[in-house]
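For reference, the structure is listed below as structure tokens.
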């Protein structure tokens with residue numbers, strides 16, 4: 136069996152132990168996964184970035200995989216999550232990096248760019264637009280939308296209730312997890328049985344409370360970021376939307392230039408929510424077009 140094209144490492148950052156995978160040398164690119172995923176979601180991108188002369192770094196986010204899982208809900212607010220990324224850069228001696236994020240990882244990525252612009256060279260988001268800090272509490276607005284018929288957002292309200300989603304998944308972890316992945320995929324066969332087992336083992340061993348706690352902080356995040364209300368993302372940014380994500384629709388990116396002036400917008404066709412896993416070659420092409428010159432520095 137051939138050796139893996141990356142190395143597993145651990146580092147102490149922002150008060151917790153973080154597991155990450157890295158490959159390559161050169162300008163650092165930090166890859167931030169979403170829910171319910173792992174560093175493994177970037178398995179197709181890591182070798183491509185490393186091969187282009189970049190240093191790919193993909194952590195398990197707080198609460199996931201082999202990274203530490205603090206016990207309190209408030210341990211997963213946006214300030215802790217942003218602090219983890221900045222702490223990881225500090226621990227690795229990195230002054231500035233490019234950040235790539237998907238799903239919750241993209242939310243964290245945008246906020247790092249807003250709160251610590253001096254640490255961020257460029258950002259690339261998969262599926263998640265940035266439209267600034269909302270002018271209203273997020274949960275109240277979500278509840279209004281669900282009551283008005285936008286049932287695709289109801290999962291957030293379920294996830295916010297401590298213990299509720301954990302109990303649902305515990306009834307049939309494999310079946311529930313598989314249905315979650317397939318339900319928002321453009322092509323349900325994107326995940327092989329072998330790859331699915333990587334995720335299943337991680338969540339059977341580590342549970343889902345940490346990952347679900349991200350959703351339980353959305354109002355706290357809003358309340359504690361009032362000072363960022365008019366803050367823009369000033370670095371160059373790539374946003375990749377897809378045409379078959381049932382929740383994060385392409386039209387959600389309309390008008391985003393108000394908040395991200397240096398925006399490049401792309402759409403991947405015949406693709407659902409798990410963009411970098413469903414369409415890895417196209418995502419790699421877009422990322423290398425956007426970041427490739429950093430590998431020549």
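Residue numbers (the numbering used here): 136 to 432.
Yeah, the Cβ is synthetic: ideal placement off N, Cα and C, and Gly gets one too.
Point to revise | Unbroken stretches of the beta strand (DSSP E), 3 residues or longer, contained in the segment 201-244 | key: 232-237
So residue 191 is in the alpha helix (DSSP H); what residue range does that whole segment cover?
-> To locate residue 191, count along the chain shown from 1; it is residue 56. Careful: residue 191 lies outside any alpha helix (DSSP H), inside the beta strand (DSSP E) at 189-194.
Validate contact between the segment 192-207 and the segment 145-163 using beta carbons, cut 8 Å, 3 pairs = yes
Segments assigned alpha helix (DSSP H), at least 4 residues, entirely inside the segment 267-317:
273-282, 289-295, 299-306
- Item | Residue from 239, 305, 422 with nearest C-alpha to residue 174 | Here the question's residue 174 lines up with position 39 in the chain shown. Ranking the options by Cα distance to residue 174, first place goes to 239.
Close beta carbons around residue 177, own chain, < 7 Å, minus the five adjacent residues each side: If you number the chain shown from 1, residue 177 lands on position 42. Within the same chain, residue 177 has close Cβ partners 166, 168, 193, 411.
Return the Cβ separation of residue 92 and residue 258 in integer angstroms, given the expectation that the two are a contact with Cβ distance under 8 Å. Since the displayed the chain opens at 136 and closes at 432, residue 92 lies outside it and no answer follows.
| task | Keeping to the same chain, check which residues put their C-beta closer than 6 Å to that of residue 352; ignore five residues upstream and five downstream. | result | Translated into positions along the chain shown, residue 352 becomes position 217. So the list reads 211, 212, once near-sequence residues are dropped.
Taking the C-alpha atoms as reference points, what is the distance between residue 226 and residue 354? Numbered from 1 along the chain shown, position 91 holds the residue referred to as residue 226. Numbered from 1 along the chain shown, position 219 holds the residue referred to as residue 354. So the two alpha carbons sit approximately 30 Å from each other.
* Asked: So residue 334 is in the alpha helix (DSSP H); what residue range does that whole segment cover?
  -> Residue 334 sits at position 199 when you count from the first residue of the chain shown. Note, residue 334: alpha helix (DSSP H), 328-341.
| query | In terms of residue numbering, what span does the alpha helix (DSSP H) encompassing residue 410 cover? | reply | The residue given as residue 410 occupies position 275 in the chain shown. Note, residue 410: alpha helix (DSSP H), 410-413.
For this session: Tell me whether residue 320 sits in a helix, a strand or coil according to DSSP, three-state version.
Result: Start at 1 with the first residue of the chain shown, and residue 320 comes out as number 185. If DSSP states are grouped into helix, strand and coil, residue 320 belongs with coil.
* Asked: Between which two residues does the beta strand (DSSP E) containing residue 183 stretch?
  -> Along the chain shown, one-based indexing puts residue 183 at 48. No beta strand (DSSP E) contains residue 183, which is instead part of the alpha helix (DSSP H) from 180-186.
- Task: Would you please state the rounded distance, in angstroms, between the beta carbons of residue 309 and residue 335? I believe it to be under 8 Å.
- Result: Your numbering for residue 309 matches position 174 in the chain shown. Your numbering for residue 335 matches position 200 in the chain shown. So it is a contact: roughly 6 Å between Cβ atoms.
Whole-Å CB distance - residue 325 paired with residue 413, under 8 Å assumed: Taking the chain shown and counting its residues from 1, one reaches residue 325 at position 190. Taking the chain shown and counting its residues from 1, one reaches residue 413 at position 278. Contact holds; Cβ gap of about 4 Å.
- Less than 8 Å between the CB atoms is what I'm expecting for residue 262 and residue 405, so what's the real figure, rounded? Against the chain shown, residue 262 aligns to sequence position 127. Against the chain shown, residue 405 aligns to sequence position 270. Going by Cβ atoms, the distance from residue 262 to residue 405 rounds to 15 Å, so no, they are not a contact pair.
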